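J.: Residue 250 in the numbering used here sits at position 250 of the sequence shown; the count goes up by one each step and never skips. Note that CB positions come from ideal geometry on N, CA and C, so glycine has one too. Bear in mind the structure is a predicted one, so any value in this text is a computation, not a measurement.
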Amino acid sequence: MSGRLKSMKEVEKYTLSEKKRYYTSLKNICHHLKNASMSCNGVISFIAPALRKFEIEIRGCENIPASNVLFAANHSNSHDYFVTKEVFSKLKRKITPLGARDGLNILAYLVFRMGDVTFIDRNDKKSTEKGILNFCSKILSGKDGIIFGEGTWNLHPIRPMLKIKTGAVQISLITEKPIVPAIYEYVEVPTKCNKEGELYTKCIVQFGKPIYTAIGENIYEQTEKVMQVMIAMRKNLWEELGINRNSISEINKDVYLNHLYLKKFKAIGFKYNSRWESQFLVDKENEYFVNENGEFVPRILNS
1 MSGRLKSMKE VEKYTLSEKK RYYTSLKNIC HHLKNASMSC NGVISFIAPA
51 LRKFEIEIRG CENIPASNVL FAANHSNSHD YFVTKEVFSK LKRKITPLGA
101 RDGLNILAYL VFRMGDVTFI DRNDKKSTEK GILNFCSKIL SGKDGIIFGE
151 GTWNLHPIRP MLKIKTGAVQ ISLITEKPIV PAIYEYVEVP TKCNKEGELY
201 TKCIVQFGKP IYTAIGENIY EQTEKVMQVM IAMRKNLWEE LGINRNSISE
251 INKDVYLNHL YLKKFKAIGF KYNSRWESQF LVDKENEYFV NENGEFVPRI
301 LNS
């Protein structure tokens, strides 16, 4: 399997006919892969509500095609996986997420594996290649796929999205499935909390209209298009909800740092390792902290 996936920079140099042959070849490989899925989706969907203390509101279901698709979602916190399982169970759609094995503890790994997550090791090109092709194979077999394109949690105080990678567009081109953008908006309380379970009043899951990719178009421009659609969707939700994240100076530093600490270190079964995750950021700025001079600056919050 090694060497079948080329770098996107290399693929962008191909002629249109070469690109068509390349993606057709990958699709044929995926069609012939045998996937042994360990799936206990019913169990995960059953226990998921017990792990949250907030409501879930689903919007935009009319935008989802009847046939299977690739969903591209933003990535906010440890609840994303369980919300995904619960939401798609309610929608009666079979969903397989693409997720990173590196950085997970054993318990989290087993729970994710039970939910038919296709794993990659982000530090291993062969693992990433194998995972992407297996993921495409599952989509081609009839399942919906979901990818969190930012690659890690977005903990930035004002950015609606971290820069996303080309994976979603690449998978869409291999499977010939449209991308349906999905925003998970966790509505946070405006005050400091004592427990992670007190952070959110509800999660709005908003589905956007399908985005159709094309082999003949630049993959980086198509990725930018997906990201801009998702940014616009999230900003619209912020405007509706009265969430003000226009500038760093308007952020309540104490509340932000309190919420950041609870998200990273007090979620059930998860701890977020910022130093590990920072290597997978396209832009290196994610978290903010108050430095020794009292300035609110980009910096990792330690436990």
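1) Alpha carbon to alpha carbon, what distance is there between H31 and G197?
2) Between G167, V187, R275 and A108, which has its C-alpha nearest K9's C-alpha?
3) Given a cut-off of 8 angstroms, decide if I204 and E18 are closer than it, judged by their beta-carbon atoms.
4) According to DSSP, is L257 part of a helix, a strand, or is it coil?
5) Would DSSP call M1 helix, strand or coil?
6) What residue does the alpha helix (DSSP H) around V226 start on, and which one ends it?
7) How many whole angstroms separate the CB atoms of V69 and D144, which I take to be in contact at a CB cut-off of 8 angstroms?
8) Terminal residues of the continuous alpha helix (DSSP H) containing F71?
9) Near I174, which residues of its chain fall below 7 angstroms by C-beta distance, leaving aside the five closest residues on each side in sequence?
10) Distance, Cα to Cα, G216 vs P210?
11) I'd like the span of the alpha helix (DSSP H) that includes T96, first residue to last.
12) So, with DSSP's three-state summary, where would you put G269?
13) Give the DSSP-derived three-state secondary structure of A182 in the structure shown.
14) Give the single residue among R245, V229, I219 and Q279 whose Cα lies nearest to the Cα of L16.
15) Over what stretch of residues does the alpha helix (DSSP H) that includes F119 continue unbroken?
16) Alpha carbon to alpha carbon, how far is K284 from S278? Give it in angstroms, no decimals.
T.: In short:
1) Within the sequence shown, the letter at position 197 stands for residue 197. Within the sequence shown, the letter at position 31 stands for residue 31. The straight-line gap from Cα to Cα measures roughly 42 angstroms.
2) As a working mapping, residue 9 is identified with position 9 in the sequence shown. Ranking G167, V187, R275 and A108 by Cα distance to K9 puts G167 first.
3) Stepping through the sequence shown from its first residue, residue 18 is reached at position 18. Stepping through the sequence shown from its first residue, residue 204 is reached at position 204. Not a contact, by the Cβ cut-off of 8 angstroms.
4) On the sequence shown, position 257 is the one that residue 257 refers to. In this structure, L257 counts as helix in the three-state DSSP scheme.
5) In the sequence shown, counting from the first residue as 1, residue 1 sits at position 1. The predicted position of M1 is uncertain, since its pLDDT is 34 and thus under 50; no value can be drawn from it.
6) Taking the first residue of the sequence shown as position 1, residue 226 is located at position 226. Taken as a continuous stretch (DSSP letters only), the alpha helix (DSSP H) holding V226 covers I219 to L241.
7) In the sequence shown, the residue the question calls residue 69 occupies position 69. In the sequence shown, the residue the question calls residue 144 occupies position 144. Going by Cβ atoms, the distance from V69 to D144 rounds to 6 angstroms, so yes, they are a contact pair.
8) Numbered from its first residue, the sequence shown carries residue 71 at position 71. Segment L70 to A73 is the beta strand (DSSP E) holding F71; no alpha helix (DSSP H) there.
9) Along the sequence shown, read from residue 1 onward, the residue named residue 174 stands at position 174. Only Y23, L26, K27, C30 and C136 meet the Cβ criterion.
10) Within the sequence shown, the letter at position 216 stands for residue 216. Within the sequence shown, the letter at position 210 stands for residue 210. Answer to the nearest angstrom: the Cα atoms are 18 angstroms apart.
11) Here residue 96 refers to the residue found at position 96 when the sequence shown is read from its first residue. Where T96 is concerned, there is no enclosing alpha helix (DSSP H), although the beta strand (DSSP E) it sits in stretches over I95 to A100.
12) Looking up residue 269 in the sequence shown gives position 269. Correct three-state label for G269: coil.
13) For the purposes of this step, residue 182 is identified with residue 182 of the sequence shown, where counting begins at 1. Residue state, collapsed to three classes: strand.
14) Position 16 of the sequence shown, counting from 1, holds the residue named residue 16. Comparing Cα positions, the closest option is I219.
15) Position 119 of the sequence shown, counting from 1, holds the residue named residue 119. Membership of F119 in any alpha helix (DSSP H) is not indicated; the residue belongs instead to the beta strand (DSSP E) covering T118 to I120.
16) Taking the sequence shown and counting its residues from 1, the one referred to as residue 278 is at position 278. Taking the sequence shown and counting its residues from 1, the one referred to as residue 284 is at position 284. Those two C-alpha atoms are separated by around 7 angstroms.
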